[in-house]
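Below is one structure, written out as structure tokens; comments come after it.
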Amino acid sequence: MDSFKRLLSPLTASNGIPDTLKLVVIGGTMETARRASASVWSGFVDSFFLTAHFNQEDYPYDWLMHWLSKQPAWGRSREFEITTRSVGRGSLNQSTTGDLEDEDDVEEDLVHGRRKRKVAFIPSVDTTHTIYYRGHWLRITRTNKYPQYGHGCSLKISVVARNNDILKKLVLEAKKDYEKDAEHRVHIFMADTTYPCWRWNGARQKRPMSSIVLQPGVKDMLLADCKDFLNSEEWYAERGIPFRRGYLLHGVPGSGKTSLIHSLAGELGLDIYVVSLSSKGMSDNTLITLMGTVPSRCILLLEDLDAAFTRSVSRDSTSTGTPAAAAAATATAATTAAAAAATTETDGSTLSLSGLLNSLDGVAAAEGRLLFATTNHIERLDPALSRPGRMDVWVNFTHATKWQAEGIFKCFFPQKPAQEPGSDDDDGLSTPTTEVVNPLETSATLKSRGFKHNIPILTEQEMDELAKRFASSIPEDEFSVASLQGYLLKNKTRPRECVDEVAEWVQSERELREKLKKEKAEREAKELKDAAEKAQKEKEEAAAKEVRTAAPLPFPPCIGSLLNPVVQKEQKETKEKLERKERSKAKRAAQLQTSSSQPSGAISPFSPPPVIPAIIPPPSSSTTAEANAASDSCSCDSDVTSGGVEADTEESVTSEEETDANKPTELPTAISSGNGQDKWVAVKA
Ligand SMILES: Nc1ncnc2c1ncn2[C@@H]1O[C@H](COP(=O)(O)OP(=O)(O)OP(=O)(O)O)[C@@H](O)[C@H]1O
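And the structure:
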């Protein structure tokens, strides 16, 4: 204390220093000391704490969130978030703290037709939580930089430890746990063209390969090829070949292209990254960025590749990207392309074929991914796109064959497991036995017996027999597998009846198709007729408008349109004039007929010219109404019976002058001679 007093004595002594200055010095010293001690303390703490950051955009965040959601610590925490939504990308069937588990409901899997939702407890945002893990206290902070966009979360985990072993153990454990739960799921990511980046879109249950029925060997070939590719990274590197492989699945809709890809992803344990080339805002740069950021081991799926081509994906701005021959063959598609091209500008999609090709195998394209492209119209693809190197394996999908019909039937209905030879039940007799579930049994008793639905379990023999009968009624290559599946779905509890009724169904489907085809043809014919009528109407309206504008108004058009009755009167007058003109024309024609009975060259130059408007090239429009109106405006409004001839002659002179200027080349030479008489002869001729 004495030493402290001695330290402050120069300031406290009344040695002439003002008190204010003393205060400033003391305050400044104390603040500096505070800051220095805080910094030393944080440095001291940091030297003991290890901190790991996890970003939402990357997998470890999902592992940790999934792992955290299973920690019982949240049950005791005073602040946490409760969610039934996915935890990160997971949406897994995690069993969480279980605090909200209703024990009465354990037996009941479905609640009012909806599957019971799992509840997860996760760390709340912007709060620091402490949980105990393997002898260490973990400080966990979850933050969200962009809450308005629904992403941008990050996780910070700090622990007091000498080295980062504990954090490594934590991440590995979380990863294993996550992968165990994700074992039966395939994650789907969709391309986001706005930013551009990949967005997690959900996790789907894996589909067993056995549920896909294709011609023998196709599935095995594809699976073996994919596996071989994924294991040959070094082989590709040694030979300098880009480590990529492309598969083009083409064929009729509903034949299993997408299902096969889904199934392969499950079998190979890969995620699927889906790009829709026709999505809004898709451009060359966006696609290149997206393709460059797919992880190395994944399936990249370009769905409905041809759809991009109806939107004018092209090497140059004018081409449709369709090969010339194919373009000719697909005139309808070209129409669609034209329509789609019109929309291209409005929706901001500026994708070109060269952009697509660059993104597939350009310098920035990712390696190690399996590219799958599907299309229903292979003929619309540019050969550059489907050449080997980009699409190495092509698989054609057709309508269901009889073999596939039999296979899909067998996939659909449950079969009693084959019995061990020599077992008590196997008496070797040929009579098929079927175990039929009693529909009156309650769901609880059925469950206890391992059944989920009231479906008869068929024996192997009966299954074979029914499947064969079913296939024999299905015509080869006429129905898609999807439509067969639709029929089986409708009869999922009646395998036998479904076989009995299949011929009837085939017939009704054919009739329905015929009906739809007929309706479509009628609709198209009607649309064509309507379009023709509309065009005709527009033409007539345009002609009427021309007539209106040809008749001079006594006032500016803007006033005329305001004074509607005046305009109407004008129109009426114009109509009357036209009628008068028609009458005069008819009269002239009659006169001409009389004069034509005289010898050639004897036609008087004063005879009324029969078809004057015909030798005056119409001012701009070729419509008769306009021509009539033009001639009408040239001629005086004299009576056609007396002064009409003179008036017409005057008109013809004017016409002659005009004709010299706008002389049509195909006019007979006699007209251009300037001889009036020749002229009339020529006109008559
Ligand atoms: N070969 C098949 N094996 C098993 N199921 C199939 C098969 N083909 C189609 N399906 C069934 O039909 C439905 C539609 O199949 P999918 O979507 O895979 O067809 P697609 O060929 O991709 O059709 P699209 O070309 O219209 O996209 C799915 O529910 C699938 O189960």
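As numbered in our numbering, residues 1 to 685 make up the sequence shown, in order.
All residues carry an ideal CB built from backbone N, CA and C; glycine is no exception.
The DSSP-derived three-state label of tyrosine 236 is helix. Rounded to the nearest whole angstrom, the C-alpha separation of leucine 578 and lysine 534 is 25 Å. Taking the Cα positions, glutamate 519 is about 10 Å away from lysine 526. For the stretch 352-418, the full-length alpha helix (DSSP H) segments reaching 4 residues or more read 353-361, 383-386, 402-412 along the chain.
Here the stretch 268-288 makes no contact with the stretch 381-396; the two share fewer than three CB pairs at distances below 8 Å. Assigned with DSSP and collapsed to three states, asparagine 491 falls in coil, not helix or strand. Each residue's CA atom was taken as its position, placing tryptophan 198 and lysine 168 some 27 Å apart. Inter-segment contact for the stretch 351-358 and the stretch 246-263 is absent: fewer than three beta-carbon pairs are separated by less than 8 Å. Assigned with DSSP and collapsed to three states, cysteine 153 falls in strand. Valine 481 is positioned such that its CB atom lies no closer than 7 Å to that of arginine 369. With a 10 Å radius around the Cβ and a threshold of 16 neighbouring Cβ atoms, arginine 244 comes out buried.
In this chain, the beta strand (DSSP E) harbouring glycine 251 covers 245-251.
The alpha carbon of valine 186 has as its nearest neighbour, out of Ser263, Pro388, Val218, Lys490, the alpha carbon of Ser263. About 12 Å separates the beta carbon of leucine 489 from that of phenylalanine 409, a gap too long to meet the 8 Å contact definition.
Within a 10 Å sphere around the beta-carbon of glutamate 541 sit fewer than 16 other beta-carbons, which makes this residue exposed. Just so you know, the alpha carbons of glutamate 511 and glutamine 404 end up roughly 23 Å apart. In the structure shown, lysine 180 adopts helical secondary structure according to DSSP, grouped into three states.
Serine 47 is classed as exposed because its beta carbon has fewer than 16 other beta carbons within 10 Å across all chains shown. Across the structure, lysine 180 and arginine 523 are spaced so that their CA atoms are roughly 55 Å apart. Using a C-beta cut-off of 8 Å, the stretch 28-43 makes no contact with the stretch 138-146, since fewer than three inter-stretch Cβ pairs fall below that distance. Here the C-alpha atom of isoleucine 122 lies approximately 17 Å from the C-alpha atom of valine 171. Annotation: the stretch 255-319 contains the following complete segments of the beta strand (DSSP E) (minimum length 3 residues), in chain order: 272-275, 299-302. Annotated as proximal: alanine 400 and phenylalanine 479, with beta-carbon spacing under 7 Å.
Excluding sequence positions up to five before and after glutamate 81, its CB lies within less than 8 Å of the CB of Phe121, Ile122, Pro123, Ser124, Val125, all in the same chain and listed in chain order. In the displayed model, arginine 35 falls within a helix according to three-state DSSP. At least one heavy atom of ligand 1 lies less than 6 Å from the C-beta of threonine 258.
Straight-line measurement puts the Cα of tryptophan 67 at about 10 Å from the Cα of proline 60. The beta carbon of leucine 300 sits closer than 6 Å to the beta carbons of Tyr273, Val294, Arg369, Leu371 from its chain, once the five residues preceding and following it are set aside; these are given in chain order.
The three-state secondary structure of serine 158, taken from DSSP, is strand.
Taking all protein chains shown into account, isoleucine 26 has fewer than 16 neighbouring C-beta atoms within 10 Å of its C-beta and is therefore exposed.
When distances are taken from the beta-carbon of proline 253 to the heavy atoms of ligand 1, the shortest one is below 6 Å.
Under the DSSP assignment, methionine 209 falls outside any beta strand (DSSP E); it carries neither an H nor an E label. Taking all protein chains shown into account, proline 208 has fewer than 16 neighbouring C-beta atoms within 10 Å of its C-beta and is therefore exposed. Taking 8 Å as the upper bound for CB-CB distance, serine 473 and valine 502 are in contact here, some 4 Å apart.
With contacts defined as CB atoms closer than 7 Å, leucine 305 and threonine 398 fail to qualify as a contacting pair. With a contact defined as Cβ atoms closer than 8 Å, threonine 51 and lysine 156 qualify at about 6 Å.
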